[in-house]
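Notes follow the structure.
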Amino acid sequence: MTVDSADCLFCKIARGEIPADVVAQRDGLLAFNDIHPQAPHHVLVIPTEHVPTVNDLAERHAELVGRMVLLARDVAAERGFAEDGYRLVLNNGRHGGQSVYHLHLHLLGGRYLTWPPG
Ligand code: 5GP
Ligand code: ZN
210 MTVDSADCLF
220 CKIARGEIPA
230 DVVAQRDGLL
240 AFNDIHPQAP
250 HHVLVIPTEH
260 VPTVNDLAER
270 HAELVGRMVL
280 LARDVAAERG
290 FAEDGYRLVL
300 NNGRHGGQSV
310 YHLHLHLLGG
320 RYLTWPPG
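So in our numbering, spot 117 of the sequence shown is number 326, and the numbers just go up one at a time.
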C-alpha cells in the first residue's frame with residue numbers, strides 16, 4: 210500500500226517533479242490546491258518529508274503536525290473564510306479513505322460542510 214519517497218506522488222510535488230498550484234511554503238511544509246476540489250477552497254498541506262500515514266508519525270513529528278494545522282489556519286485567514294469556518298481532515302489508511310500515502314491535511318472551506326461524513 211505505502212510507497213517509498215522515490216515513487217510517491219506528493220514527494221514528487223514537493224521536489225518540483227510534478228507541477229502543483231502552490232499556495233504556501235514554509236518550515237518544511239508545502240500547501241497546494243487539491244486537483245479535485247470538494248469545496249470552493251480545498252488545499253492540501255504536506256510535510257516535505259515523506260511520512261506515509263498518521264500511524265508512521267514519531268514523537269519528533271509533534272511540532273511538524275502542529276505547524277501543519279497552523280499553516281492551514283493561516284491559509285483560511287488569508288483567503289477570508291476563517292471566520293465562517295472550515296474543516297481540517299486527515300484521512301488515514303483504508304477505512305479512513307486515504308488514497309495518497311504521504312501525510313496530508315485537507316483544508317476545506319467556502320461552503321457549509323455537512324456532518325457526519327460518508
Ligand atoms: P486522500 O484521499 O488520500 O485523503 O486525499 C488525496 C487527495 O489528493 C485527493 O483529494 C486528491 O484529489 C488529491 N490529489 C491526487 N492526485 C493529485 C495531484 O496530482 N495533484 C493534486 N494537487 N492533488 C492530487
Ligand atoms: Zn512522499
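Ideal Cβ placement from N, Cα and C applies to all residues, glycine included.
Everything numeric in this text was worked out from a predicted model, so none of it was measured.
Whole angstroms are fine: how far does the CA of residue j sit from the CA of residue i?
i, j, result
"residue 326", "residue 315", "14 Å"
"residue 227", "residue 272", "27 Å"
"residue 300", "residue 307", "5 Å"
"residue 234", "residue 211", "25 Å"
"residue 293", "residue 322", "11 Å"
"residue 268", "residue 288", "32 Å"
When DSSP labels each residue in this structure, what does residue i get in the three-state scheme?
i, result
"residue 227", "coil"
"residue 288", "coil"
"residue 297", "strand"
"residue 253", "strand"
"residue 233", "strand"
"residue 279", "helix"
Less than 8 Å between the C-beta atoms of residue i and residue j, yes or no?
i, j, result
"residue 250", "residue 219", "no"
"residue 255", "residue 266", "no"
"residue 260", "residue 312", "yes"
"residue 318", "residue 229", "no"
>> Closer than 6 Å between the C-beta and any heavy atom of the ligand ZN: which residues qualify, listed along the chain?
In response: For the ligand ZN, the selected residues are 214, 217, 219, 220, 259 and 311.
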